[in-house]
Amino acid sequence: MYFASDNTGPIHPRILDALARANTGYAPAYGADPLTVEVVQTLREIFEAPEAAVHLVATGTAANSLLLSTGTAPWQTIFCSRVAHIHEDECNAPEFFSGGAKLTLVETVDGKMTPEGLVAAIEAEETRGVHGPQRGPVSLTQATEKGTLYTLEELRALSEVAHRFGLPVHMDGARFANALASLGCSPAGMTWKAGIDMLSFGGTKNGLMGVEAAILFDPARSMEFELRRKRGAHLFSKHRYLAAQMQGYLEGGLWLEMAGAANTACQRLADGLRNAPGANLMFRPEANIVFARLPRATHRRLFEAGAQYHLSDDTLDGGPEDAPLAARFVTDWSAEPAETDRFLSLL
């Protein structure tokens, strides 16, 4: 009954096999190895973007922060949602790597920005001359931190707003595969065809040991990214071990297979929660995250039985036993239906 995070799950055996295959002999360092060259080409083909610049890093924070710093001057501000991971969970890394650019928070509906909210946030900046921040990139999260998804139409509308003001658009795709599996569209359709200029293509949350791809659909700033990656201590010398993970991930569509399994597990959990006494889903679960309110006594019983997940707005200590407490549940590729059913039976 492990629903704390998709970061806590195991590595897929095929990824370990790919690492073992890469672990023979010698190979050029710092991304000059044949595996990295192959992976870059594969990602270009998957995204129908033959000129895209593709760079591998080990963490999602590095991918987000290095991409955003590549597209942001220190005196600019990055527009992101109030619940964005780059705001709530990255310890000011985007601000640090960009040399001091700030974040401007945009209000959301169900975890998603609206064009109207984005316009209002953008128009509120560059109003004080040299005394205030200048407008910088827009960062969208897909899937959102609330487990919801932007439709392709919503992505295009937000990108149109950003481009109207001359601003690039970044997508935090830590759960990109989960979103893609749910929407059933093409990778190109959910990115550059919808106006996305740069993408953090996640793998760690979806069965990898630790690798993300930073993709610039316009390669003009590729060298700047490389310099920032090296200066920021995120260039691996034994780079082939990042590439091996990504190769195993993409081979045979494993990345979408794992995302589909996580999404299916999430829907099984959500369906059970909908019917549980005293339960209330807070958002429509569209990927692999469920937010629900349950009575304090129910949470206590679940935790005592060994369930693992996170309360999001309170603690078990004190307060009425029937008080509804919000919690987040996350599924991954390895979620066992029997364990989900055991969890639901405890409700």
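Those letters in the sequence shown? Residues 288 to 634, per our numbering, in order.
Where a beta carbon is used, it is the ideal one built from N, C-alpha and C, also for glycine.
Keep in mind that this is a model prediction, so the values were computed, not measured.
Buried/exposed call for residue i, threshold 16 Cβ in 10 Å
i    : result
S524 : exposed
L390 : buried
R308 : exposed
D320 : buried
L581 : buried
G453 : exposed
H597 : exposed
P624 : exposed
V477 : Before going on, a small fix: residue 477 reads as Met here, not Val. Label assigned to M477: buried.
P564 : exposed
N310 : exposed
T435 : buried
R583 : buried
L556 : buried
E375 : exposed
G312 : exposed
M485 : buried
P607 : exposed
H418 : exposed
R571 : exposed
T263 : Missing from the structure shown is residue 263; the chain here goes from 288 to 634 and no further.
A430 : buried
M510 : exposed
E432 : buried
T414 : exposed
Straight-line Cα distance separating residue j from residue i
i    : j    : result
A676 : M545 : With the chain covering only 288 through 634, there is no way to say anything about residue 676.
T323 : G605 : 53 Å
A530 : E441 : 33 Å
E325 : A579 : 42 Å
I409 : L306 : 45 Å
Q532 : A520 : 20 Å
A466 : C553 : 13 Å
E338 : A314 : 25 Å
V448 : A610 : 42 Å
G318 : A380 : 24 Å
T618 : G416 : 47 Å
S446 : Q595 : 37 Å
G347 : T428 : 12 Å
A481 : S632 : 42 Å
T647 : S368 : Absent from the structure is residue 647, since the part of the chain shown begins at 288 and ends at 634.
V456 : R629 : 42 Å
H342 : H450 : 24 Å
A316 : Y528 : 10 Å
R587 : N567 : 17 Å
L634 : T438 : 33 Å
R561 : E332 : 40 Å
I483 : P474 : 11 Å
E377 : L589 : 30 Å
A345 : E499 : 6 Å
R508 : A336 : 16 Å
T585 : E573 : 24 Å
V393 : T329 : 35 Å
A613 : M569 : 8 Å
I373 : F334 : 24 Å
A444 : A371 : 19 Å
D600 : N550 : 24 Å
E626 : G547 : 18 Å
D505 : F463 : 19 Å
G358 : L503 : 10 Å
For residue i, the residue or residues it bridges with in DSSP
i    : result
K399 : V396
D459 : T428 and S487
L612 : L581
K231 : Nothing about residue 231 can be reported from this structure: the residues present for the chain run from 288 to 634 only.
V417 : Answer is none; V417 lacks a bridge partner.
R422 : T364
N465 : According to DSSP, which records beta bridges pairwise, N465 is partnered with nothing at all.
N575 : Per DSSP, none; premise fails for N575.
E499 : V344
Y289 : Q595
L568 : A579
V617 : I576
Residue i CB to nearest heavy atom of the ligand PLP below 6 Å
i    : result
N493 : As for the ligand PLP, it is missing from this structure, which has no ligand bound.
Test: residue i CB closer than 7 Å to a CB of chain D
i    : result
C367 : Reference to chain D is not applicable here, since this structure consists of a single protein chain.
| field | the segment 293 to 307 touching the segment 469 to 489, judged by at least three CB pairs closer than 8 Å | value | Contact between the segment 293 to 307 and the segment 469 to 489 is absent, because fewer than three Cβ pairs lie under 8 Å.
| message | List, from N- to C-terminal side, the alpha helix (DSSP H) runs of 4 residues or more that fit wholly inside the segment 518 to 560. | response | Runs of the alpha helix (DSSP H) inside the segment 518 to 560: 527 to 537.
| said: Does the segment 377 to 388 come into contact with the segment 346 to 353, if we say contact requires no fewer than three beta-carbon pairs (one atom in each stretch) closer than 8 Å? | reply: Touching, yes.
| field | 3-residue-minimum beta strand (DSSP E) runs that sit fully inside the segment 316 to 349, ordered along the chain | value | Runs found: 340 to 344.
| said: Could you check whether the segment 506 to 517 touches the segment 534 to 554, counting it as contact only if at least three pairs of C-beta atoms, one from each stretch, sit closer than 8 Å? | reply: As far as the Cβ criterion goes, the segment 506 to 517 does not touch the segment 534 to 554, which means the pair count is below three.
| Can you find at least 3 beta carbon pairs, one from the segment 404 to 424 and one from the segment 355 to 363, that sit closer than 8 Å? | Three or more beta-carbon pairs drawn from the segment 404 to 424 and the segment 355 to 363 are found closer than 8 Å, and the two stretches are therefore classed as touching.
| said: Can you confirm whether the segment 392 to 406 touches the segment 491 to 510 when touching is taken to mean that 3 or more C-beta pairs between the two stretches lie within less than 8 Å? | reply: Cβ pair count under 8 Å is below three, so no.
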